[in-house]
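For the sequence shown, the positions run 50 to 407 when the numbering used here is used. Please read the structure below before turning to the comments.
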Amino acid sequence: MARRVEEKVQELSREQTQLTAILSALIEGVIALDHQGRVLFLNPAGEALFGVQNASIRGGSFWEVLRHSPLNQLFDKTLRGQKPLTEEVVLFTPAERILSVHVLPVNYGDGQTGALAALHDITELRKLESIRQEFVANASHELKTPLTSIKGYVETLLEGALEDPKHNREFLKTIQLQTDHLMRLIEDLLDLSAIEARRIRYHFEPVSLKEVVEQIAQNVAPLAKAKPVTLDLRCSEDLPRVRADREKLGQIFMNLLDNAIKFNKPGGRVTVTASPGQGFVTVAVQDTGVGILPQDLPRVFERFFRTEKSHSHDIPGTGLGLAIVKHLVEAHQGSVTAESVPGQGSVFHFTIPLAIDQ
């Protein structure tokens, strides 16, 4: 009998160890309460959510030890109604999190009842949904704006303005400009979609960063002259080569220089500098333009985000350029940051790794 008792104890101990290991490995928080709402168990994921330890709150009333009213009400409903419930709640401490909570009544045996809750952290999911909704809304708006303009001018031409030599060519030029804007927007959307889906193939090779900068500077020279803005390239002849996809590196510079010119002041300056470091070349594109407000600075690399919304559409653009820059730089194993002083200008820093043969 003693041997059988010992075997039974060992078996129960193994089962308890297995159960504890399983509950500890779950990414969902698990809380067990008795019929009076006292905490019986809280797994490590739950400890992380609430910023407490299981041993410190076990045996205490849920309301007293965790003080979360919506969760407490959810437990009360489950214990009173003896029915499973599912709700979303928000935790504000120790960090703001959105939780999907599933609570069900349980029978622990020997007449002991209570409630068991699984808390799934859906903060990132809700954030992604919000980003998707904002992206759809912004994309729809950006597509609708030029289409509305094109539709209006076409209708005006069809109603008789086509025969008006004073205005017909002007209307057609506006339609052409809006069509060009629409094409750029679609191309940027397709580029961003392909980059984010990792459908882009990169051909990394030793590249002269100075040559790429000079080539892109020639491409944007007419835009700089029209502003007018002075382009100042400060890349030394002995600058080491970088490991990059030449075309994508050119796209990075094109987007940064295009922004630096468009958001600059007439008579301003755009300065490009490059300095080698430990394994990387750090590039800075600095302008003397309108600058970026401090509250807007963390969002400049978001899709469709444009600063100074009250008059941002006076400056042509798709609002996707910096998002593309961020993805392309990170694909090169680099990083990109932005600094700005409103009214004085902005500077964008990014890093590109040195070529392997350096």
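Quick reminder that beta carbons are idealized off the backbone N, C-alpha and C, glycines included.
Helix, strand or coil: which one does DSSP assign to R250?
-> Coil at R250, not helix or strand.
Span separating the alpha-carbon of I341 from that of F350 = For I341 and F350, the gap between their C-alpha atoms comes out near 12 Å.
Is the number of C-beta pairs between the segment 295-304 and the segment 256-272 that are closer than 8 Å three or more?
-> Yes, since at least three Cβ pairs between the segment 295-304 and the segment 256-272 fall closer than 8 Å, the two stretches touch.
For my contact list, F354 and F184 are in at a C-beta cut-off of 8 Å; report their separation, rounded to the angstrom.
-> By a beta-carbon distance limit of 8 Å, F354 does not contact F184. Their separation comes to about 11 Å.
Just curious, the alpha helix (DSSP H) that H376 is in, first and last residue?
-> Its alpha helix (DSSP H) spans residues G370 to A380.
Looking only at DSSP bridge pairs, what is E136 linked to?
-> Per DSSP, V150.
Assuming R318 and V278 form a contact by the criterion Cβ under 8 Å, report the distance between their Cβ atoms to the nearest whole angstrom.
-> By a beta-carbon distance limit of 8 Å, R318 contacts V278. Their separation comes to about 7 Å.
What is the DSSP secondary structure of A144, counted as helix, strand or coil?
-> In the three-state reduction of the DSSP assignment, A144 falls in the coil class, being assigned neither a helical nor a strand state.
Since A273 contacts I244 with CB under 8 Å, what's their CB separation in whole angstroms?
-> Not really, about 27 Å apart at Cβ, beyond 8 Å.
Anyone know if the C-beta pair for A323 and V330 falls short of 7 Å?
-> With a cutoff of 7 Å on beta-carbon distance, A323 and V330 are scored as near each other.
Looking only at C-alpha atoms, which of S395, R292, I199 and D240 sits nearest to A431?
-> Nothing in the structure corresponds to residue 431, since the chain is present only between 50 and 407.
Span separating the alpha-carbon of L377 from that of K297 | Going by the C-alpha atoms only, they are around 7 Å apart.
Status (buried if at least 16 other CB within 10 Å, exposed otherwise) for S359 | Any reading at S359 needs caution, since the residue's pLDDT is 37, under 50, leaving its predicted position unreliable; the model's value is listed next. S359 should be labelled exposed.
Beta-carbon separation of G383 and F397 under 7 Å?
-> Contact: no.
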